[in-house]
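S.K.:
2 protein chains.
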Amino acid sequence: MSLLVIGTVAFDAIETPFGKTDKIVGGAATFISLAASYFHKKINLVSVVGDDFPAEAIQMMQKRGVNTEGLQIKQGEKTFFWSGRYHNDMNSRDTLDTQLNVLATFDPVIPDSYQHCEFLMLGNLAPSVQHQVLDRLEQRPRLVVLDTMNFWMNIALDELHSLLKRVDVLTINDEEARQLSGEYSLVKAAQKILSMGPKYLIIKKGEHGALLFNAEQVFFAPALPLEEVFDPTGAGDSFAGGFIGYLAATEDISFENMKRAVIFGSAMASFSVEKFGTERIQNLGEAEVDARVQQFIDLVQFDISLVN
Amino acid sequence: MSLLVIGTVAFDAIETPFGKTDKIVGGAATFISLAASYFHKKINLVSVVGDDFPAEAIQMMQKRGVNTEGLQIKQGEKTFFWSGRYHNDMNSRDTLDTQLNVLATFDPVIPDSYQHCEFLMLGNLAPSVQHQVLDRLEQRPRLVVLDTMNFWMNIALDELHSLLKRVDVLTINDEEARQLSGEYSLVKAAQKILSMGPKYLIIKKGEHGALLFNAEQVFFAPALPLEEVFDPTGAGDSFAGGFIGYLAATEDISFENMKRAVIFGSAMASFSVEKFGTERIQNLGEAEVDARVQQFIDLVQFDISLVN
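Rendered as structure tokens:
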């Protein structure tokens, strides 16, 4: 089953209490593709960079099985750049700089060979661009997962609402779920958001784990208690990549299998935060991934037999 | 196995975004004893009230199987009173009034019939009083669980440190774990706190669940996602009561059984917050408790078979 990933491929400059980086490779689609690559091998990327983007970074993605035919390289233009500083608690951050560059005029061209994909991950981008991708697919994918953020709720809410009617799964964080629904309780927020279109909702709570809802069921996956969260950048995208990569690999979109996908996504997020940028998720071993998933199993597994 | 519970029996006056109460029955030992009573039937209470405390409330506890021989009733004195107001997020609160009354001179007398208890729950009280209880037991219980709070870390840290060497399990919340250890990461905090004495540590994270640590293992139990948290007062004590009540009933203090006890404790906490004070946990049915535990099972249960 082919998986189409659309989102930013970017430069980030990050400050955390543990240190700071110069420009390093980042972007939603980068994290999503890399995380998905541990589960699925047919990943088709649509994104845009400038000619300042390093060929080695593209080769690194290709080595992980990511098809970059749909990655536009704009000559004479610059790659999208984001810079941010995390606070001591690592749960909040300030944006220091945003330079849209190539992203300002991004036209998401879908190569012919990418058509008829069965799984689509719409990484965080302007809802208008996410709409365009859906418009340009000759056939609706079997599963469409949308990631978005509070920024688009503030400036493009109508486009976001119409987009919600076109997707199957929405992933947002707890504050965004509260903003989108106007409800403080996440249970009530989930009910409202599911009535806006998506059949499934994933609420990401950072170090407090993630909740998966459909109309009747709820599943909770914890975050792994880590000694240090070194750099949270890309954690949500790594989660999404592990989630959709696992679903695409198993070709099973039942709620039971989505639970497993949430665990694999959580495992990828837990790796991602251990080093700056994509460093940790560029080159994991299979045994390492399995051992991490086993940690999640051990963390929440208990055995209660109710008599009644 | 007899279970000895020591802590406050009190009046609370509570304001939440959903309403406010006049003086209602509260106190750590009240919540602990009631929650434990759903699992264990030999609960011996040590506490103190004034002659203003209603006989019906004592009878209500007795009906739930709580032995109140060790509940001192001070004639001409008043019961401990606490009043607080919860903020909109229900995670933080202001204390509006504290009247120690009978608590100021509380001398925890242990009735002879309470001696040789196998399980001891030291509910939140001055560490000096908690020391006294241990001093007065002829035989060390098989399992001693200690609850405390930041207030005692601020004004009685040395006594608390010496107390930590005398207990098996410590229950505190995440902010208290950070204060006691000086570590932000809860994993690092747990390592430091376990080196202070207790063999087990439970870190309560409110709506974000609870973590159980020993030197080698960690277990996570979620909080149930609720539509509304109506009144968080007593949630931690209800958790502790369910936890130690289940352990006392099963007579099994292995890590595996403590995991189950954490789930039963979480279930009792989830009931407790649904109404003001002890109202919800005074009269639960067995089927209701089982159904709630089943919700926890459904919430976190997944099935992953790793091939490697």
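Chains as they are written, first to last, in our numbering: chain C, 2 to 309; chain H, 2 to 309. Cβ atoms here follow ideal geometry from the backbone N, Cα and C, with glycine treated the same way.
1. When you compare the CB positions of Ala268(C) and Phe297(C), do they come within less than 8 Å of one another, or not?
2. Apart from the five residues on each side of it in sequence, which residues of its chain come closer than 6 Å, Cβ to Cβ, to Ala29(C)?
3. Should Ser186(H) be flagged as near chain C, meaning a C-beta pair shorter than 8 Å?
4. Does the pairing of the region 72–85 of chain H with the region 264–284 of chain C give three or more beta-carbon distances under 8 Å?
5. In the DSSP output, what is Leu147(H) paired with across the bridge?
6. Taking 8 Å as the CB-CB cut-off, is His209(C) touching chain H?
7. Note down the Cα distance separating His209(H) from Pro223(H), rounded to an integer number of angstroms.
8. Contact between the region 110–124 of chain H and the region 134–149 of chain H is defined here as three or more beta-carbon pairs at a separation below 8 Å; is this criterion met?
9. Can you tell me which of the three DSSP states Glu1(H) falls into?
10. For Val301(H), report the span of its alpha helix (DSSP H) as first-last.
11. Taking CB distances under 8 Å as the criterion, tell me whether Gln295(H) reaches chain C.
12. Ile305(C) versus chain H: which residues are under 7 Å apart at the beta carbon?
13. Straight-line CA distance for Glu177(H) to Asn155(H)?
14. Closest to Met62(H) by C-alpha separation, out of Asp136(H), Tyr39(H), Asp53(H), Lys200(H), would be which residue?
15. Do the CB positions of Leu101(C) and Gln131(C) come within less than 8 Å of each other?
16. Distance cutoff 8 Å, beta carbons only. Does Val219(C) sit that close to anything in chain H?
17. Counting only the same chain and skipping the five closest in sequence on each side, list residues whose C-beta sits under 7 Å from that of Gln76(C).
18. Does Val49(H) have its Cβ less than 8 Å from a Cβ in chain C?
19. Quick one: is Leu227(C) near chain H, going by C-beta distance under 8 Å?
20. Rounded to whole angstroms, what's the CA-CA distance from His41(C) to Ser34(C)? Just pull it up for me.
21. Would you mind telling me which residues of chain H sit closer than 7 Å to Lys189(C), beta carbon to beta carbon, in chain order?
22. Between the C-alpha atoms of Glu57(C) and Thr234(H), what's the straight-line distance to the nearest angstrom?
23. Can you check which of these residues, Val294(C), Ser196(C), Ser306(C), is closest to Asp299(H) by C-alpha distance?
24. Are the region 195–203 of chain C and the region 166–183 of chain C in contact at 8 Å, needing three or more beta carbon pairs?
25. Any idea if Pro109(H) is buried or exposed, counting beta-carbon neighbours within 10 angstroms, 16 or more meaning buried?
26. Under DSSP, the alpha helix (DSSP H) around Tyr87(H) begins and ends at which residues?
27. Along the chain, which unbroken stretches of the beta strand (DSSP E) at least 3 residues long are found entirely within the region 217–249 of chain H?
28. Could you say which of Glu160(C), Phe256(C), Met2(C), Ile59(C) lies nearest to Tyr115(C) if we only look at CA atoms?
29. Any beta carbon of chain H sitting closer than 8 Å to that of Val168(C)?
30. According to DSSP, what are the bridge partners of Thr96(H)?
31. List, in order along the chain, the chain H residues whose C-beta lies closer than 7 Å to that of Val301(C)?
32. So which residues of chain C does Leu195(H) contact, with C-beta pairs closer than 9 Å?
33. How many Å lie between Ala157(C) and Leu135(C) at the Cα?
34. Where does Val274(H) fall in DSSP's three states?
35. Under a Cβ-count criterion, where at least 16 other Cβ atoms within 10 Å of its own Cβ denotes burial, should Leu97(C) be classed as buried or exposed?
36. Short of 7 Å in beta carbon distance, which residues of its chain neighbour Asn309(H), apart from the five on each side in sequence? Order them along the chain.
M.R.: Short version:
1. yes
2. Gly8, Thr9, Gly124, Asn125, Asp238
3. yes
4. no
5. Leu123(H), Leu171(H)
6. yes
7. 6 Å
8. yes
9. Residue numbering for chain H in the displayed model covers 2 to 309; residue 1(H) lies beyond these limits and cannot be assessed.
10. 287–301
11. yes
12. Arg261, Ile264, Val294, Ile298
13. 11 Å
14. Tyr39(H)
15. no
16. yes
17. Asp52
18. no
19. yes
20. 10 Å
21. Glu228
22. 57 Å
23. Ser306(C)
24. yes
25. buried
26. Here Tyr87(H) belongs to no alpha helix (DSSP H); instead the beta strand (DSSP E) covers 82–87.
27. 219–222
28. Met2(C)
29. no
30. Gly85(H)
31. Phe221, Val301
32. Those do not exist, as Leu195(H) stays about 14 Å from chain C at its closest Cβ, beyond 9 Å.
33. 17 Å
34. coil
35. exposed
36. Unreliable positioning characterises Asn309(H) in this predicted model, as indicated by a pLDDT of 49, which lies under 50. The coordinate reading is nonetheless provided below. Nothing meets the Cβ criterion.
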